[in-house]
Each structure stands twice: as structure tokens, then as C-alpha cells.
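*Asks:*
Numbering (this note's numbering), first residue to last: 21 to 500.
Written as C-alpha cells, this is what we have:
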């Protein structure tokens, strides 16, 4: 057992010297010096226990080896039991000072008599209100010496209870009325009330029917728990988000159309676009080979093995502040800072692949390699691309057929077969151009992307691609 040093005046008295003992307690607000009834203890050597003692004693300074604590700060149970009373006493290893600890002015605030009276009066009133009328009647009858004051008090209590019930009922009715007014106000400022037909709905949201909007809202409600922080219902928030995608309206205009502040519009859009991306990403799927073959249009009769048609598109972006991001986003082809993405369309005109956004500096070959779209194809599938896609080796490794227009070499014009091949491939690839055009119908993918929306651009692209798939088909039935 580790010994904690106990110091008293006995050592000096035994030596026969009458010197003033300099041993004192280092605890703040404690003025004890060494005496016959006190024992002094060093701080523990263990770092954790030493820090525990320092915090318990509110020692603002660092503890030194010469600092000691008197026995008045310990309980009798903190000491080890003794066989016989001696001058030496030992503390337990887990002993911590807990008595006569220093007090600061803000540690304990005395309650004034007036506050105590108010608190007692409130507690009595709470007790009276919580009792039932039968209990109050029994309490009145059981009083041995009822007087006029007690009867008056009981009558006041009953009246207070009745008044309390009336007030609660009135407040409940007022709350219900406010909720109804709030819902009416939300509907009043809702943009959807200004869209009577599907044509106007498409103009603002890009959806062709109210049924499609209701289906999307139903899916969003299943994955979004109710939260009181949202003032507008789910349907209105979805409409706000789609309006931002379709028209790229500033939040100032959206705040007028939906009756909320600009900050609220921004918050709703950033939250809803992520939820919509998680819900609608399943509408962009890679169909099976059998499904692709069953939906081959006439213009693909010469290329029936085509599984996917690839093309890249760009959208301008605000000039980044970071130099590295400026280098990555600058497009020499466009002559400005852009974001670039890859779109894959099936022969039937369905968007089946949308890559993540890349900087405008990235080449088509790099985007195809990093997006791993070729890994989705099977042995012998055809991949139709434009002349800018130099992916011969990537297709050769995966045993894929690369369908690409022939190049025109210097002093070597195309022959008749190559010219006809260019015409056939161009007629087939026009579907990708139409799909990209429908994506660009969402103004947010054609206007300059501000810097604060760059973190959400992948979600925006996913939602726009899914909305194109649920819209009218790119090819009419006569083309099949």
C-alpha cells in the first residue's frame, strides 16, 4: 500500500524543538496549519488520480510535490482501517477529497425569500389543480375545523380548475385555427394553383402530366420522414426544385412564387435535389441485351449489335477561385471554364447511362475510361461513338465492336462506301443529340453553373436524365 505522507507537530515536539511549523494546506480557502488533530497528505503520484484531486479541489495552479492537503477534506471512510490508534494514517488508493471544498460565488446562488414564496405557491397550485373534484370534496369534508377562509380557497380552486379547462380548450381551438390558416396560406402562395393544364406544368417543371408529379411526390414521401422544420409540404418542395431545374430562376423569383424567403428556397432546393436523385436514379438503368434487341429502330438495322451510343456534353461553370480547379475546368475547345459529362443512349432512345461531372479539360477517352461504362457491355456488343472518341484499345481489350465514322485523311477523300457509312452512323447517332437537347431544355444545364451549385451538379444531372426518360419518347412508333 502506497503511503501518503502524514505530517503533524509530533515530530518537532519529540525533537524538543519549539519551532513554528511551516506545513499548511494548499487548498484554496483553507487556512489550516499543522496541528495535533490534523494530518497532511501529498498528492498521488498517479497522473490520473493527481488530476482528479486537482479538479476536485479547484486548484487553478499546477500541483507541485510540496503541496499537501489536510485531513479535513476527507471522509473517515477514505482512510484504511487501523488495528490500533496511531499517529500515522493512510489513505485508500481511490480516496478523493470531498469535504470542505472551496466555493466560488457563482457555484451556489442563494434563493431569495420572495422566490421561495413564489415557488411554494406554484407548487401548491399545481397540487390543487392535479386533484380531481371528488378528492377536493373529500378533503374539504375531512377538515376538522373548516372556516370561511378555507371554503373560499376551495371555491377559488374549483373556479381555477374550470377556468384552466376553458383556457386549454380555447387555446386548442386557436391552435387548430392557426394550422388551418397556415395550410391555406401555403396553398394560396403555391405555384401549382397557377398551372391549370399539363402544358403550363411542363413550362415550369419539365413534367408532362400531374400524374407524374404525384407519383414522384409519393416516392419522395416514402423516403423522407416528416420534419417540422419544413414549412411547405413535400409536393410544393418538389415543384420548387423542378422549377429551379427547368427555368433556373433566381431564388428571389422563387421566393415570390412559393411565398417563402430566399434562404428557405435555397435550403429546400439543396435538400430536395439530393432526395430526388436518390429516388429517380433507378430510372436510368442499363437494359439487358434482349430488351435492347427488341427495341431496335429502323435506322439501326445495319448496326443491330449496337448496345449503347455515347457522346459528351459540356456546360459552362463559374470561374473557380482555386488555381488547380481553373486548370481542370478550362476547355480549350469551348474557350472557357466548363463541366463535362458522358451520356449513353440505347438504340431505342432511352438514356441508360449518365456519368459524373468532369472538368472541361478532360478528354473523351479519359471520361469513358474513368466512368467504366464499357464494363457494362457484354462480349461482342457494339459501341457507337463520334470521331473524337479514341477508345480503340479499350474496346479491343473487352472484345467490343467500335462503331465510329471513318476519318478523312489528307489527300485521301472518302470513297463511296465510307461516305454511306458516315451517313448511316450520323442518322443513328442523332438520337444522342436529341437526348442531349432534351437535357439542355433544363436551363440549369445550359446556363452558367454558379459555384455554390457545383457540389450538387451530379444530383442535378441524374434528376434531369431521369425526367427525360419519364417524358415523351425521343423516337415515335413509326421509327420502329
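By construction, the Cβ of each residue, glycine as well, lies at the ideal position given by its N, Cα and C atoms.
Under 7 Å between the Cβ atoms of residue 373 and residue 364?
*Replies:* Numbered from its first residue, the chain shown carries residue 373 at position 353. Numbered from its first residue, the chain shown carries residue 364 at position 344. A contact, by the Cβ cut-off of 7 Å.
*Asks:* Could you name the residues of the same chain whose beta carbon sits closer than 6 Å to that of residue 405, not counting the 5 residues immediately before and after it, in chain order?
*Replies:* Locating residue 405 in the chain shown gives position 385, counting from the first residue. Correct list, in chain order: 330, 424.
*Asks:* By how many angstroms is the C-alpha of residue 458 removed from the C-alpha of residue 219?
*Replies:* Counting from one through the chain shown, the residue named residue 219 turns up at place 199. Counting from one through the chain shown, the residue named residue 458 turns up at place 438. Each residue's Cα considered, the two are about 16 Å apart.
*Asks:* Given a cut-off of 7 Å on the beta-carbon distance, is the pair residue 282 and residue 471 in contact?
*Replies:* Along the chain shown, one-based indexing puts residue 282 at 262. Along the chain shown, one-based indexing puts residue 471 at 451. No. Outside cutoff.
*Asks:* Write down the C-beta distance between residue 325 and residue 217 rounded to the nearest angstrom, noting that I regard them as a contact closer than 8 Å.
*Replies:* The sequence position of residue 325 within the chain shown is 305, counting from 1. The sequence position of residue 217 within the chain shown is 197, counting from 1. Their Cβ separation, rounded to whole angstroms, is 43 Å, which puts residue 325 and residue 217 out of contact at 8 Å.
*Asks:* Where does residue 331 fall in DSSP's three states?
*Replies:* Numbered from 1 along the chain shown, position 311 holds the residue referred to as residue 331. If DSSP states are grouped into helix, strand and coil, residue 331 belongs with the strands.
*Asks:* Considering only DSSP beta bridges, list what residue 378 is partnered with.
*Replies:* Within the chain shown, numbered from 1, the residue matching residue 378 stands at position 358. Note: residue 378 sits in a beta bridge opposite 360.
*Asks:* From the DSSP output, which residues share a beta bridge with residue 365?
*Replies:* For this step, residue 365 is matched to residue 345 along the chain shown. Residue 365 is bridged to 329, 371.
*Asks:* Nearest-angstrom Cα distance between residue 123 and residue 50?
*Replies:* Locating residue 123 in the chain shown gives position 103, where the first residue counts as 1. Locating residue 50 in the chain shown gives position 30, where the first residue counts as 1. In a straight line, the C-alpha of residue 123 is about 11 Å away from that of residue 50.
*Asks:* Could you give the first and the last residue of the continuous alpha helix (DSSP H) run that contains residue 257?
*Replies:* By 1-based counting over the chain shown, the position of residue 257 is 237. Its alpha helix (DSSP H) spans residues 254-267.
*Asks:* Any idea if residue 17 is buried or exposed, counting beta-carbon neighbours within 10 angstroms, 16 or more meaning buried?
*Replies:* A query on residue 17 cannot be resolved here, the shown segment of the chain reaching from 21 to 500 and no further.
*Asks:* Considering only residues of the same chain and omitting the five flanking positions on each side of residue 201, which have a CB-CB separation below 8 Å?
*Replies:* For the purposes of this step, residue 201 is taken as the residue at position 181 of the chain shown. Below a pLDDT of 50, predicted positions are generally treated as unreliable, and residue 201, at 45, falls in that range; the measurement from the model is reported next regardless. Answer for residue 201: no residue qualifies.
*Asks:* Can you tell me whether residue 13 is helix, strand or coil according to DSSP?
*Replies:* This structure does not reach residue 13, given that the chain is present from 21 up to 500, and the question cannot be answered.
*Asks:* Can you tell which of 419, 279, 238, 248 has its C-alpha closest to the C-alpha of residue 213?
*Replies:* The residue given as residue 213 occupies position 193 in the chain shown. It is 279 whose Cα lies nearest to the Cα of residue 213.
*Asks:* Does the distance from the CB of residue 489 to the CB of residue 227 come in under 7 Å?
*Replies:* In the chain shown, the residue the question calls residue 489 occupies position 469. In the chain shown, the residue the question calls residue 227 occupies position 207. No, they are not a contact pair.
*Asks:* Going by DSSP, name the residue or residues bridged to residue 421.
*Replies:* Mapped onto the chain shown, residue 421 falls at position 401. Answer is 402.
*Asks:* Which same chain residues end up closer than 7 Å to residue 323 when comparing Cβ atoms and leaving out the 5 residues on each side of it in sequence?
*Replies:* For this step, residue 323 is matched to residue 303 along the chain shown. 402, 404, 423, 448.
*Asks:* Closest to residue 98 by CA distance: which of 446, 262, 465, 116 is it?
*Replies:* Mapped onto the chain shown, residue 98 falls at position 78. Nearest option by C-alpha distance: 116.
*Asks:* Can you give me the start and stop residues for the alpha helix (DSSP H) that residue 428 sits inside?
*Replies:* Taking the chain shown and counting its residues from 1, the one referred to as residue 428 is at position 408. Neither: residue 428 is in no alpha helix (DSSP H) and is coded neither H nor E.
*Asks:* Select from 72, 269, 118 the residue whose C-alpha is nearest the C-alpha of residue 93.
*Replies:* Here the question's residue 93 lines up with position 73 in the chain shown. Of the candidates 72, 269, 118, the one whose C-alpha sits nearest the C-alpha of residue 93 is 118.
*Asks:* Name, in chain order, the residues that DSSP records as bridge partners for residue 469.
*Replies:* In the chain shown, residue 469 corresponds to position 449, counting from 1. DSSP lists 337 as partners of residue 469.
*Asks:* Smallest Cα separation from residue 498: which of 316, 292, 275?
*Replies:* If you number the chain shown from 1, residue 498 lands on position 478. Selected option, being the one with the closest Cα: 316.
*Asks:* Between residue 420 and residue 297, what straight-line distance do the alpha-carbon atoms span, to the nearest angstrom?
*Replies:* Numbered from 1 along the chain shown, position 400 holds the residue referred to as residue 420. Numbered from 1 along the chain shown, position 277 holds the residue referred to as residue 297. C-alpha separation (whole angstroms): 31 Å.
*Asks:* Under a three-way DSSP split, which group does residue 497 fall into?
*Replies:* On the chain shown, position 477 is the one that residue 497 refers to. In this structure, residue 497 counts as helix in the three-state DSSP scheme.
*Asks:* Let me check one thing: in DSSP terms, what residues is residue 350 bridge-paired to?
*Replies:* Indexing the chain shown from 1 puts residue 350 at position 330. Bridge partners of residue 350: 357.
*Asks:* Going by Cα to Cα distance, which pick from 111, 399, 411 is closest to residue 390?
*Replies:* Taking the chain shown and counting its residues from 1, one reaches residue 390 at position 370. Measuring from the Cα of residue 390, the nearest candidate turns out to be 411.
*Asks:* Looking at residue 263 and residue 225, is the spacing between their C-beta atoms short of 7 Å?
*Replies:* Numbered from 1 along the chain shown, position 205 holds the residue referred to as residue 225. Numbered from 1 along the chain shown, position 243 holds the residue referred to as residue 263. Yes, Cβ-Cβ distance for residue 225 and residue 263 is below 7 Å.
*Asks:* Are the CB atoms of residue 348 and residue 381 nearer to each other than 7 Å?
*Replies:* Residue numbering aside, residue 348 sits at position 328 when the chain shown is read from its first letter. Residue numbering aside, residue 381 sits at position 361 when the chain shown is read from its first letter. Yes, these two residues count as a Cβ contact at 7 Å.
*Asks:* Which residue or residues does DSSP assign as beta-bridge partners of residue 89?
*Replies:* The residue labelled residue 89 in the question sits at position 69 within the chain shown. Paired residue(s): 61.
*Asks:* So, with DSSP's three-state summary, where would you put residue 111?
*Replies:* Counting from one through the chain shown, the residue named residue 111 turns up at place 91. Of the three classes helix, strand and coil, the one that applies to residue 111 here is strand, per DSSP.
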